[in-house]
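Read the structure below first, then the notes.
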Amino acid sequence: MADALPSLRETLDAHGLLAKKSFGQHFLLDLNVTRKIVRYAGPFEGRAVIEVGPGPGGLTRAILESDAGKVVLVEKDPRFIPLLSELDDGSGRLTIVEGDALNVREAQLVEGPAHLVSNLPYNVGTPLLIKWLTGPWTPCALTLMFQKEVAERIVAAPGDDAYGRLAVITQAVAEARIVMHLPAAAFTPPPKVASAVVHVVPLADRPSPERLKKLERVTAAAFGQRRKMLRSSLKQLGGGDLCEAAGIEPDARAEVIDIAGFLRLADALK
């Protein structure tokens with residue numbers, strides 16, 4: 043299908059479209075790269091795929107070539123809706139939703155298990171990941187492009203410089219790994235930083251919403267003052283008493299506490 047379409051650069055030129063800095067847009071136009079990302083994301087085996095921020099549709103073309111079932115595009119920038127509509131073959135497989143992904147209710151867009159595959163706009167990548175991992179709708183897997191620094195924060199282990207709230211929240215509910223690195227030159231326009239693709243698979247046994255809310259409170263306090271001992275950084279939540287109830291050394295710092303330790307702190311929070 044993609045080979046029968048004009049190139050992405052030709053399509054952008056024909057529509058007179060350029061990336062908007064305010065939307066954090068950086069286009070991935072190389073179909074060899076987008077096909078590789080989709081291979082990491084799949085196989086889909088007929089399940090639905092949601093893509094956020096498709097822009098000119100480079101990743102979309104690769105998804106449509108795959109074994110995905112229904113493909114739903116969520117695009118905030120109205121300039122790209124006509125361009126994306128050109129990818130619709132009339133089969134009913136493609137649905138285009140104009141809107142902000144932060145406000146979209148995914149359960150209303152797809153039935154049954156679905157994958158998320160996106161080159162996320164840089165300015166909303168982290169809040170979208172948290173929404174999908176802790177909200178009421180859970181995808182069966184997520185394959186997402188982030189700035190390299192954000193990707194490293196997602197997969198960081200205790201003791202790593204990048205280890206913090208994002209790693210704890212993500213790894214409490216899912217398994218995450220970096221599957222691909224991309225230089226800035228791969229994008230149009232090239233961003234100032236390199237990027238990485240993270241593959242995330244939600245755990246079957248996930249903390250309850252109430253437990254997650256407590257975990258977010260604990261990690262916000264602990265990493266808000268990460269250089270302090272937990273007895274000090276968690277003072278408003280119980281300090282040393284909270285640590286002792288969770289079996290955590292009160293003189294430890296947040297950066298060395300593993301996921302299980304933070305979950306015990308959340309469980310001990312009253």
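Numbering-wise (the numbering used here), the sequence shown opens with residue 43 and increments by one.
Idealized CB from N, CA, C, for every residue including glycine.
Being a predicted model, the structure only gives us computed values, none of them experimental.
With fewer than 16 other beta carbons inside 10 angstroms of its own, Arg219 counts as exposed. Residue environment: Pro163 is assigned as buried (16 or more neighbouring CB atoms within 10 Å of its CB, all protein chains considered).
About 5 Å separates the CB atoms of Pro96 and Leu115; that is less than 8 Å, so the two are in contact.
Cα atoms of Val152 and Val94: separation of roughly 14 Å, rounded to the nearest angstrom. If the five residues before and after Arg135 are omitted, its C-beta is found closer than 7 Å to the C-beta atoms of Lys112 and Val113, all from its own chain and listed in chain order. Excluding five sequence positions before and after Gly281, the CB atoms of its chain that fall closer than 6 Å to its own CB belong to Arg273, given in chain order. When DSSP states are grouped into helix, strand and coil, Leu257 belongs to the helix group. Under DSSP, the beta-bridge partners assigned to His241 are Thr185 and Arg219. In the DSSP assignment, Glu191 falls within the alpha helix (DSSP H) that extends over Lys190 to Val197.
Taking the Cβ atoms as the reference, Phe304 lies roughly 24 Å from Ala238, outside the contact range of under 8 Å.
When the Cα atoms are used, Pro233 and Gly99 turn out to be separated by approximately 18 Å. With a 10 Å radius around the Cβ and a threshold of 16 neighbouring Cβ atoms, Ala183 comes out buried.
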